[in-house]
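Protein chains in written order, with the numbering used here: chain A, -13 to 101; chain B, 7 to 122.
Beta carbons: idealized from backbone N, C-alpha and C, even for Gly.
Remember, it's a predicted structure, so these values are computed and weren't measured experimentally.
Read the structure below first, then the notes.
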Amino acid sequence: AQKITQTQPGMFVQEKEAVTLDCTYDTSDPSYGLFWYKQPSSGEMIFLIYQGSYDQQNATEGRYSLNFQKARKSANLVISASQLGDSAMYFCAMREGPGRGKLQFGAGTQVVVTP
Amino acid sequence: GAVVSQHPSWVICKSGTSVKIECRSLDFQATTMFWYRQFPKQSLMLMATSNEGSKATYEQGVEKDKFLINHASLTLSTLTVTSAHPEDSSFYICSARAGSLRDTQYFGPGTRLTVL
């Protein structure tokens, strides 16, 4: 069964606008970590943001914030003030367990930022 | 910090030959590294978990005799695709786990393998 679901295969966003990328997850483990990665056309995976299951506050890293709704099992990424360089594939991932666990990735969302 | 390098970035080889890909953590020690494969327009598929000083753990359906993994030190893991065939052509990407509460994996830039 799919553990990480990203329902948006692709989306366009205008420069300087905010965009929300959806991610829902499925786990029965009380301890888990949620990650977002960005993959530009060059291929490298760039770590953006992390949210632990026990974290009380939503994670933020610069223009990235994670809207963590634990009861709904969602971990949406919000990119504020989009820039042309934000055009990329974005992957949500989950690590089950307190550590040492492997990552499970969603299918990804392709974001295209337009001028 | 947390830089991972991968070499080569691309390789073209003939069918039947073996190809070695290196993954290095440059500024941290990584007891665990991971190898992924990614087909165009698809997500990453975990192939194996590489542990320093011990045998790799392969995911179901991944042939361990075809994809040889060696984690010789705390900063180096290698993936050797043995007797490569055109269907092995893919984007291979490694990651190294930084020892922290977050357990974040940092990725290398990937290797594009084309087997003719």
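Residue from the options with nearest C-alpha to residue i
i: B/N57; options: B/T88, B/T38, B/F113, B/V121; result: B/T38
i: B/D94; options: B/Y112, B/V68, B/K47, B/T81; result: B/V68
i: A/R81; options: A/Q69, A/M75, A/M31, A/F91; result: A/F91
i: A/S14; options: A/F77, A/P84, A/E47; result: A/P84
i: A/Y11; options: A/S60, A/K88, A/S68, A/L89; result: A/S60
i: B/L119; options: B/S11, B/V25, B/V10, B/V9; result: B/V25
i: A/D8; options: A/I(-10), A/P16, A/Q0; result: A/I(-10)
Sub-7 Å separation of residue i and residue j beta-carbons
i: A/I65; j: A/R49; result: yes
i: B/G22; j: B/S96; result: no
i: B/C19; j: B/V121; result: yes
i: B/S31; j: B/A78; result: no
i: A/M75; j: A/Q43; result: no
i: B/F40; j: B/A104; result: no
i: B/L125; j: A/K88; result: Here chain B covers residues 7 to 122 and nothing more, so residue 125 of chain B does not appear.
i: A/F33; j: A/T100; result: no
i: A/A45; j: A/Q37; result: yes
i: B/T117; j: B/Q12; result: yes
Local conformation of residue i per DSSP, three classes
i: A/L70; result: helix
i: A/E3; result: coil
i: B/E93; result: helix
i: B/K47; result: coil
i: B/E58; result: coil
i: B/A102; result: strand
i: B/M39; result: strand
i: B/V9; result: coil
i: A/N53; result: strand
i: A/C9; result: coil
i: A/M75; result: strand
i: B/F73; result: strand
i: B/F113; result: strand
C-alpha gap between residue i and residue j, whole angstroms
i: A/S73; j: B/P46; result: 17 Å
i: B/L85; j: B/R43; result: 11 Å
i: A/L70; j: A/M31; result: 18 Å
i: B/L74; j: A/F21; result: 28 Å
i: A/K2; j: A/V98; result: 13 Å
i: A/Y18; j: A/S68; result: 29 Å
i: B/G114; j: A/C78; result: 18 Å
i: B/S15; j: A/S39; result: 35 Å
i: A/G(-4); j: B/V10; result: 28 Å
Buried or exposed (CB count within 10 angstroms, at least 16 for buried), residue i
i: A/R58; result: exposed
i: B/T81; result: buried
i: A/A4; result: exposed
i: B/T55; result: buried
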